[in-house]
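Per the numbering used here, residue 2 is the first one in the sequence shown, and the count goes up by one each step.
C-beta atoms are modelled at their ideal positions from N, C-alpha and C, and glycine is treated no differently.
Structure record follows, encoded as structure tokens.
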Amino acid sequence: MKKFAAASISSIAAALMLLAGAPALAQSTPAAAPAVAAAATEPAKPIEPAVAAAVKELFVAMNYRSLMASGMQQMSNNLPVMMRNSMEAGINANPQLGPQDKQVAIVKAEARLPAVVKALQEFLADPKLVDEMMSEIAPLYAANFSVAEIKQLSVFYRSPLGAKMLALSPKLMSEGMQIGQRVVARRMAPLMQQLQAAEQAGKAEQATPAGKVEK
């Protein structure tokens with residue numbers, strides 16, 4: 002169960018990064034998105050007062066705090082299903098477990114699931130998490146946009162289309178995560194079978210004496 006919880010935590014961390022950068026990424030070209038993601042891994046740097054003021058105004062125009070809080074609430078609501086799917090996919094894809102063993106493992110994991118979900122939901126509900134993310138995200142905008150561009154973004158997010166995009170962002174992120182999990186879970190079992198076959202072929206090759214060719 003620990004590895005499934007760890008996988009879910011990694012998924013949540015990735016989702017938070019996407020949620021935090023979603024509006025900016027939506028304004029970026031596909032080539033610019035990796036650069037934004039890479040910048041997110043760097044320590045936050047101090048920004049000039051004029052830039053800080055522009056970013057602060059942008060966050061107000063974006064209703065950024067509410068957007069983040071709403072997105073986290075969506076993730077929190079989806080946690081039980083997300084973790085259950087992850088747990089079941091991992092167990093069912095384990096080639097070392099037979100059908101009965103898989104059923105036993107799923108029952109045991111189900112018993113522990115509520116406690117893990119509760120801990121993760123409490124983590125997402127901490128208001129300090131949003132404060133810290135906003136503090137760390139501000140330099141990211143400053144590093145990738147000029148003051149003039151930040152002001153243009155503020156104008157866009159105050160427009161009807163900008164407001165609609167912001168309103169739909171949590172829903173799009175949440176449903177996008179669920180789609181991604183379904184696709185990965187669907188492909189997991191064939192991948193595990195392929196890896197198992199390759200491993201068995203490697204063992205058979207090692208067991209064959211050198212110079213001897215099996216007929």
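Around the Cβ of Ile151, a 10 Å sphere holds 16 or more other Cβ atoms; the residue is buried. Boundaries of the alpha helix (DSSP H) around Ile180: 161 to 208. In this structure Leu167 touches Tyr158 by the C-beta definition: roughly 6 Å separates them, less than 8 Å. Using a 10 angstroms sphere on the CB of Val108, the tally of other CB atoms stays under 16, which defines it as exposed.
Look at Ala53 here: in three-state DSSP terms it is helix. Phe124 counts as exposed, since fewer than 16 other C-beta atoms from the protein chains shown sit within 10 angstroms of its C-beta. The residue among Leu162, Leu141, Pro81, Ile138 with its C-alpha nearest the C-alpha of Ala120 is Pro81.
Per DSSP, Asn64 lies in no alpha helix (DSSP H) segment and is marked neither H nor E. Going by DSSP, Ala94 is part of no alpha helix (DSSP H) at all; its letter is neither H nor E. Excluding sequence positions up to five before and after Met193, its CB lies within less than 8 Å of the CB of Ala94, Asn95, Pro96, all in the same chain and listed in chain order. For Asp132, the three-state secondary structure derived from DSSP is helix. The C-beta distance from Ala139 to Val56 rounds to 5 Å, short enough to fall under 8 Å. For Asp102, the uninterrupted alpha helix (DSSP H) run begins and ends at 100 to 126, by DSSP.
The three-state secondary structure of Ser155, taken from DSSP, is helix. If you draw a 10 Å sphere on the C-beta of Gly181, you find fewer than 16 other C-beta atoms in it, and that means exposed. The count of Cβ pairs closer than 8 Å, one atom from the segment 201 to 210 and one from the segment 100 to 118, stays below three, leaving the stretches out of contact.
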